[in-house]
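Q:
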Amino acid sequence: MTRTLLRGGCVLTMGRVNHPVADVLIDGDTIVEVGPGLRARDAEVVDATDAIVMPGFVDAHRHASDSLFRHGPTANAAGMGRRFTAEDAYAATLLGLLGALDAGITAVVDWCSIGADADTTAAVLQAHRDSGVRSVLVHAATPGEDWPAGLRRTAAAERGPLTTVAAGLPDLHPGTIDAITSDWAVARELGLRIHVHAGVTSGDAGTAVALSQRGLLGSDTTLVHGTHFGDADFEAVAAAGCGVALAPASVMAAGGGAPPIQALLDRGIRPGLGAESERLTPGDSFAQMRSVISVQHATVFERKLAGKAGLPKLLTTRDVIRYATVDGAAVVGLATGVIESGRSADVIVLRTDRPNIHPINDAIGAVVWGMDTSNVDWVFVAGQALKRNGELVVDSGRARALAVAARDRMSVVAGSGR
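Position 203 of the sequence shown, counted from 1, bears residue number 202 in numbering that gives the first Met the number 0, the numbering being contiguous throughout.
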């Protein structure tokens, strides 16, 4: 098995102890030792001097295929899910996942609603395998699909060892819950984690309460957004032990409202973070961390300016870096996001000798407030180096060419009205 020694970096473990200078030894797909002065015969040595070594970021909610519509008019993407061919789905998903890897994201929850047939499902799963990322493929409903049958097919489909399947239920509103209780039962029958958009629009207060009353919420559930939940909804979520994934940058850019970070904190709920869609916002975790901490700080300062008493504590960079790593992993049911012996080797190396970040006065603060994707030097998933010295190992040129061809073909289809 391949052995790798990351030598002399500042190691942020997301565990109990960080190390100003230490080594990390990876053997195969596992972290086997963390500490200063490690020696390892026959190991590839990566010089992590002037670098931060930390767990890879966990993206708790992403529509990977939206990579095809990056930063263009959002109308271009409307209704495109049913227009994807298997080839389009492969190209869009692969590019989206490689973009995530390039940004230091080692685990992605991919909300997939772009195909209702076996060929498209197989193509998406192949893109996950070819990217090398650790992933959760959330089988979400495509218009006109027999969703339970599609979910069963996806759950049984061949996939890579780093990909698990989850159920993506239709968007929930208080009046639609009874219609999908049988879908919820199918997901649990298959032993799949359940992901669902909830609290997305202004009329959605009461959704989580209604789910709780029907016995549907649980620790196997990840609720996405929750922007328009009421107080009773947040209480129900906390009582059920649900995971909550926020997509702060995307939701605010799309006019969906501010993420409910303070309401979660008030109830001891630690969220995960996701980019959601790259149509409007960056797909990296740096943007998500900065968005959520800025929103919470603004909330507190507004209350202070209004003369309100009992102000909440300000979020710290140590809080939000955990949301983007170990807390995000817990929210989606993954056992990653920590550097310690015995853990899966999902690790990134971030350069600190770049003009955009030097000198380092606080390592965690530098990651959260100052870094961007240009600082991501090495990316390991299950011990495999997928980015070396700032360059992806996978043929990203091929992925880009496939994506451009798919984008152009779909633009023609959209223009024809098909």
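Beta carbons: idealized from backbone N, C-alpha and C, even for Gly. Quick caveat, the model's predicted, so the values are computed rather than measured.
To the nearest angstrom, how far is it from the Cα of F285 to the Cα of L96?
A: Going by the C-alpha atoms only, they are around 16 Å apart.
Q: Would you give the residue range spanned by the alpha helix (DSSP H) that A178 belongs to?
A: Run containing A178: I176 to E188, per the alpha helix (DSSP H) assignment.
Q: Using three-state DSSP, classify I356 as helix, strand or coil.
A: I356: coil per DSSP, three-state reduction.
Q: Assuming A244 contacts P270 (C-beta within less than 8 Å), just tell me the rounded distance between them.
A: Yes, they are in contact, since the Cβ atoms of A244 and P270 sit about 6 Å apart, within 8 Å.
Q: Between the beta-carbon of H60 and the beta-carbon of G273, is there less than 7 Å?
A: Contact: yes.
Q: Relative to the C-alpha of N355, which residue among R289, G369, R342 and A239 is closest?
A: Considering only alpha carbons, the answer is G369.
Q: On the premise that I347 lies in contact with G55, defined as a C-beta separation below 8 Å, what is that separation, rounded to the nearest angstrom?
A: Confirmed, about 5 Å.
Q: Apart from the five residues just before and just after A209, which ones in its own chain have a Cβ nearer than 6 Å to its Cβ?
A: The residues are P173 and I176.
Q: Any chance the CB of A344 is under 6 Å from a heavy atom of the ligand FAD?
A: The model on display carries no ligand, and the ligand FAD is accordingly not part of it.
Q: Assuming M409 contacts R82 (C-beta within less than 8 Å), just tell me the rounded distance between them.
A: Their Cβ separation, rounded to whole angstroms, is 6 Å, which keeps M409 and R82 in contact under 8 Å.
Q: Flag this pair as yes or no: are the beta carbons of G217 and G198 separated by less than 7 Å?
A: No. Outside cutoff.
Q: Hey, which unbroken runs of the alpha helix (DSSP H) at 4 residues or more fall wholly within the region 54 to 112?
A: Taking only runs of at least 4 residues, the alpha helix (DSSP H) segments lying wholly in the region 54 to 112 are 85 to 101.
Q: Work out the CA separation of F228 and D203 for me, nearest whole Å.
A: Near 6 Å, if we compare the C-alpha coordinates of F228 and D203.
Q: When the distance is taken between beta carbons, is A139 closer than 7 Å to W183?
A: Contact: no.
Q: Secondary structure at D345, three-state DSSP: helix, strand or coil?
A: In this structure, D345 counts as coil in the three-state DSSP scheme.
Q: Apart from the five residues just before and just after A344, which ones in its own chain have a Cβ nearer than 7 Å to its Cβ?
A: Same-chain partners within the cutoff: I25, D28, T29, I30, F379, A381 and G382.
Q: Do you know offhand how far T220's Cα is from R133's?
A: Computed Cα separation, rounded: 19 Å.
Q: Please determine if the region 149 to 157 and the region 113 to 121 are in contact, where contact requires at least 3 C-beta pairs separated by less than 8 Å.
A: Result yes; three or more Cβ-Cβ pairs closer than 8 Å.
Q: If I measure Cβ to Cβ from R302 and keep anything under 7 Å in the same chain, skipping five residues before and after, which residues do I get?
A: Answer for R302: L310, listed in chain order.
Q: Whole angstroms are fine: how far does the CA of V108 sit from the CA of V331?
A: The alpha-carbon atoms of V331 and V108 are separated by roughly 8 Å.
Q: CA-CA distance, D46 and G306?
A: Near 51 Å, if we compare the C-alpha coordinates of G306 and D46.
Q: Can you give me the start and stop residues for the alpha helix (DSSP H) that P147 sits inside?
A: Element bounds for P147: W146 to A155.
Q: CB-CB under 6 Å to V16, same chain, minus the five flanking residues each way: which ones, in chain order?
A: Cβ neighbours of V16 beyond the five flanking positions: none.
Q: Go ahead and pull the three-state DSSP assignment for R192.
A: In the structure shown, R192 sits in coil (DSSP, three-state: anything other than H, G, I, E or B).
Q: Taking only runs of the beta strand (DSSP E) that begin and end inside the region 230 to 269, which ones reach a length of at least 3 residues, in chain order?
A: Counting whole runs of 3 or more residues, the region 230 to 269 contains the beta strand (DSSP E) stretches 242 to 245.
Q: Cα separation between R417 and L94?
A: Residue placement at R417 is flagged as unreliable, the pLDDT there being 46, under the threshold of 50; a coordinate-derived value is accordingly withheld.
Q: Let's see if you can read the secondary structure: which residues bound the alpha helix (DSSP H) around R321?
A: Its alpha helix (DSSP H) spans residues T316 to Y322.
Q: Which residue wins for smallest C-alpha separation from G242, given the options V223, A156, V52 and A257?
A: When only C-alpha atoms are compared, the closest one is V223.
Q: Alpha carbons only, please: which of A99, R342 and A207 is nearest the one belonging to V393?
A: Residue A99 is the option with its Cα nearest to V393.
Q: Output the distance between the C-alpha atoms of R406 and L304, rounded to the nearest integer angstrom.
A: Straight-line Cα distance between these residues: approximately 48 Å.
Q: Can you tell me which of the three DSSP states K419 falls into?
A: Residue 419 lies beyond the range of the chain shown here (0 to 417); nothing can be said about it.
Q: Could you give the C-beta distance for S249 and S293, rounded to a whole number, given that I count them as a contact under 8 Å?
A: Rounded, the Cβ-Cβ distance is 15 Å, inconsistent with contact.
Q: Determine the contact status of V337 and V367, defining contact as a CB-CB distance below 7 Å.
A: Contact flag unset, no.
Q: Quick one: is H296 buried, meaning 16 or more other Cβ sit within 10 Å of its Cβ, or exposed?
A: It counts as exposed.
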